[in-house]
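Student: Sharing a structure, written as structure tokens. Questions coming.
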Amino acid sequence: MLSEAFVSAICGPPLSSNTAISKDIGIYTHTLSPAYSIKSTFKKSSVPVNCLAVSETHVFAAQEGKAYVHVYARLRGNQEAFVAFPERIRCVTLSGDVLIMGTAEGRLMLWETCTGRLVSTPARHVQAVSCVVATPTHILTGSDDSDIHVWSMSQLLELDSAAEPEPERSLSNHRAGITALSANSSVSASTNFCVSASKDKSCIIWNYQTGDALRTLIFPKFPLCVSLDPSSRAVCASCEDGTLFVTELFGEKPLLGPSSEEASTVVQIESPFGATPPELGPASCLSMSYDGTVILTGHPRGQIMKWDISEKSKTPVELANVNAAVTNVVFVSPFPTGKPTKTVHIVKPSQAERAYTLAAQLDPLATPESRFDSLLNATGFPKEALESAIAAFEQPDVEFAEKEEEELQKHNQEFWEIMKDERIVQKDAFRIGPV
Numbered sequence: 001m002l003s004e005a006f007v008s009a010i011c012g013p014p015l016s017s018n019t020a021i022s023k024d025i026g027i028y029t030h031t032l033s034p035a036y037s038i039k040s041t042f043k044k045s046s047v048p049v050n051c052l053a054v055s056e057t058h059v060f061a062a063q064e065g066k067a068y069v070h071v072y073a074r075l076r077g078n079q080e081a082f083v084a085f086p087e088r089i090r091c092v093t094l095s096g097d098v099l100i101m102g103t104a105e106g107r108l109m110l111w112e113t114c115t116g117r118l119v120s121t122p123a124r125h126v127q128a129v130s131c132v133v134a135t136p137t138h139i140l141t142g143s144d145d146s147d148i149h150v151w152s153m154s155q156l157l158e159l160d161s162a163a164e165p166e167p168e169r170s171l172s173n174h175r176a177g178i179t180a181l182s183a184n185s186s187v188s189a190s191t192n193f194c195v196s197a198s199k200d201k202s203c204i205i206w207n208y209q210t211g212d213a214l215r216t217l218i219f220p221k222f223p224l225c226v227s228l229d230p231s232s233r234a235v236c237a238s239c240e241d242g243t244l245f246v247t248e249l250f251g252e253k254p255l256l257g258p259s260s261e262e263a264s265t266v267v268q269i270e271s272p273f274g275a276t277p278p279e280l281g282p283a284s285c286l287s288m289s290y291d292g293t294v295i296l297t298g299h300p301r302g303q304i305m306k307w308d309i310s311e312k313s314k315t316p317v318e319l320a321n322v323n324a325a326v327t328n329v330v331f332v333s334p335f336p337t338g339k340p341t342k343t344v345h346i347v348k349p350s351q352a353e354r355a356y357t358l359a360a361q362l363d364p365l366a367t368p369e370s371r372f373d374s375l376l377n378a379t380g381f382p383k384e385a386l387e388s389a390i391a392a393f394e395q396p397d398v399e400f401a402e403k404e405e406e407e408l409q410k411h412n413q414e415f416w417e418i419m420k421d422e423r424i425v426q427k428d429a430f431r432i433g434p435v
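When we follow the UniProt record's numbering, the leftmost residue of the sequence shown carries the number 1, and every step to the right adds one.
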């Protein structure tokens, strides 16, 4: 049975003297289904919002108000490394084996964890980078200065580049600091979009490759965290007053697409999906499961709440209480990476080195991707599947045609046997004559 797992992190001291929970634990690994449980824990971490990233083998946690990242080995269940950086880290995300970090000085840093290579950009944000998200081809950074920069992943990781890295474009429609970013994983320029949340009480849906604002959503209170559902058909946002909004993008009145209104039309979002009890406080983090049926929110009073979208339940259920402010909730991908190598031990970053050594382990158990897996992991319909379907319509199925011919001959033979019997009966009737 397929299991769902997620990782949560806390920030700050314990809220009460609860002896059932260790005071040193900062990161929890949970199993959500088939039955909820806490699988493992990691100690000595205080992780602010947007500062947790999880890979197949490691957990990366930037520390509150410090220029440190703690690296934990998921396979061994211990802290593997303590990594120092030149500036305080404000947000992190992962793209493959590259840890992407936004700093308090407005810079972007990329650390290749399997080689130790560290790339740093100039401070292109005027204030701290508050959130960062990665797509297959781009990196998006949001800042307290209200701007969003779009960076080319390949340009940033280019070897021996003499030019200083520059963002491809800036998205500047917001009038206050950016609180959250979420982007889909499409590789098509026409369907690439992201959602940004801001303290100006708005969420803007962008085509980040063209820089066009596709739609502006206005909420009653400013959204603290935002997430696109796995199929990019809805936007989930949690606001400062504890309300949770789930806004469909392609519903009866679509917000995107050819049948939608003009992009300049501002949409007022007024009806929340639900609200958390006031004593829990507003959600500081939000994450949606990979099947799009469950939303998890973390709260300042230590609760992790579960919202069941599939059952239209507007009342959340408490999954756990970790006795400290929950600042990060990240679902672990249930899909295998399919890579032939695995980063078992990270290589600490170094800007002085010019020659790098790849440290990775070959995966001997890696098997070729099955047709089912390739169809499941593909974006839309794979080209090979479409070509195969078209060819099947254009070319007759020889085996099917042969079977059909055999069936036809069999029916004809049975028909002739019946005709022969009828003729024999008819001849006997004429020979006997009337009685």
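Idealized CB from N, CA, C, for every residue including glycine.
All of these numbers come straight from a predicted model, not from anything done at the bench.
For a quick check, are the C-beta atoms of residue 220 and residue 270 less than 8 Å apart?
Tutor: Yes. Within cutoff.
Student: DSSP puts residue 58 in a beta bridge; with which residues?
Tutor: 73
Student: List the residues that DSSP assigns as beta-bridge partners of residue 328.
Tutor: 9
Student: Below 8 Å on the Cβ atoms is my guess for residue 45 versus residue 77; work out the distance and round it to an integer in Å.
Tutor: Going by Cβ atoms, the distance from residue 45 to residue 77 rounds to 14 Å, so no, they are not a contact pair.
Student: Residue 215 by DSSP, collapsed to three states: which one?
Tutor: strand
Student: How would you label residue 265, buried or exposed, when you count the other beta carbons within 10 angstroms and need 16 or more for buried?
Tutor: exposed
Student: Counting C-beta neighbours from all protein chains within 10 Å, is the total for residue 193 16 or more, i.e. buried, or is it exposed?
Tutor: buried
Student: I'd like to confirm the pairing. Which residues does DSSP put opposite residue 28 in its beta bridges?
Tutor: 8, 41
Student: Buried or exposed: which applies to residue 350, given that a residue is buried once 16 or more other Cβ atoms fall within 10 Å of its Cβ?
Tutor: Classification for residue 350: exposed.
Student: Could you tell me if residue 245 is buried or exposed, where buried requires 16 or more neighbouring beta carbons within 10 angstroms of its beta carbon?
Tutor: buried
Student: Please look up how many angstroms separate the CB atoms of residue 42 and residue 26, rounded, as I've assumed it's under 8 Å.
Tutor: 6 Å
Student: Where does residue 435 sit, in a helix, a strand or coil, going by DSSP?
Tutor: The pLDDT assigned to residue 435 is 44, lower than 50, so where the model puts this residue is not dependable, and the model offers no usable value.
Student: Buried or exposed for residue 435, please, with buried defined as at least 16 other CB atoms from any protein chain shown within 10 angstroms of its CB.
Tutor: Note on residue 435: pLDDT 44, under 50, position unreliable in the model; no value is reported.
Student: Sorted by chain position, which residues of the same chain lie with C-beta nearer than 8 Å to residue 68's C-beta, five sequence neighbours on each side aside?
Tutor: For residue 68, where only same-chain residues beyond five positions count, the Cβ hits under 8 Å are 62, 82, 83, 84, 85, 89.
Student: Taking only runs of the beta strand (DSSP E) that begin and end inside the UniProt repeat "WD" (171 to 216), which ones reach a length of at least 3 residues, in chain order?
Tutor: 178 to 183, 194 to 198, 202 to 207
Student: Confirm, please, whether the CB-CB distance from residue 148 to residue 171 is below 8 Å.
Tutor: yes
Student: Go through its chain and collect everything with a Cβ distance to residue 144's Cβ below 6 Å, but skip five positions before and after it.
Tutor: 127, 128, 130, 177
Student: With a cut-off of 8 Å on the beta carbons, I'd call residue 11 and residue 50 a contact; round off their distance for me.
Tutor: Not confirmed; about 11 Å, so no contact.
Student: Distance check for residue 197 and residue 455, CA to CA, integer angstroms please.
Tutor: Because residue 455 is not part of the residues shown, which for the chain are 1 to 435, the question remains open.
Student: Determine the direct distance from the alpha carbon of residue 393 to that of residue 330, and round the result to whole angstroms.
Tutor: 44 Å
Student: Taking DSSP's pairing of strands, which residues face residue 107 in a bridge?
Tutor: Paired residues: none, contrary to the question.
Student: For residue 135, tell me which candidate among 123, 175, 94, 371 has the shortest Cα-Cα distance.
Tutor: Here the closest residue by C-alpha is 94.
Student: So is residue 286 buried or exposed if we call it buried at 16+ other beta carbons inside 10 Å?
Tutor: Residue environment: residue 286 is assigned as buried (16 or more neighbouring CB atoms within 10 Å of its CB, all protein chains considered).
Student: Compare the beta carbon distance of residue 326 and residue 284 with 8 Å and say whether it is the shorter of the two.
Tutor: yes
Student: When you compare the CB positions of residue 179 and residue 201, do they come within less than 8 Å of one another, or not?
Tutor: no
Student: Please report the straight-line C-alpha distance between residue 203 and residue 123, rounded to a whole angstrom.
Tutor: So the two alpha carbons sit approximately 25 Å from each other.
Student: Sorted by chain position, which residues of the same chain lie with C-beta nearer than 8 Å to residue 318's C-beta, five sequence neighbours on each side aside?
Tutor: 303, 304, 305, 306
Student: Taking buried to mean at least 16 other C-beta atoms within 10 Å of its own C-beta, is residue 444 buried or exposed?
Tutor: This structure gives no information on residue 444, because the portion of the chain shown stretches from 1 to 435.
Student: If you drop the 5 nearest sequence neighbours on each side, which residues of the same chain put their C-beta closer than 7 Å to that of residue 104?
Tutor: If we look at residue 104 and ignore the five residues flanking it on each side, its Cβ neighbours are 87, 88, 90, 128.
Student: What is the DSSP secondary structure of residue 233, reduced to helix, strand or coil?
Tutor: coil
Student: Helix, strand or coil for residue 412 per DSSP?
Tutor: helix
Student: Just the Cα atoms here: how many angstroms apart are residue 372 and residue 232?
Tutor: One C-alpha to the other measures close to 22 Å.
Student: Run through DSSP, which three-state label would residue 223 get?
Tutor: strand
Student: Let me confirm a value: residue 261 is counted as buried when at least 16 other C-beta atoms fall within 10 Å, else exposed. Which label applies?
Tutor: exposed
Student: Scan the stretch 133 to 177 and note each continuous alpha helix (DSSP H) run of 4 residues or more that stays entirely inside, going in chain order.
Tutor: 153 to 156
Student: Kindly indicate the opening and closing residues of the alpha helix (DSSP H) around residue 383.
Tutor: Looking at the DSSP string, the run of the alpha helix (DSSP H) that includes residue 383 is 383 to 394.
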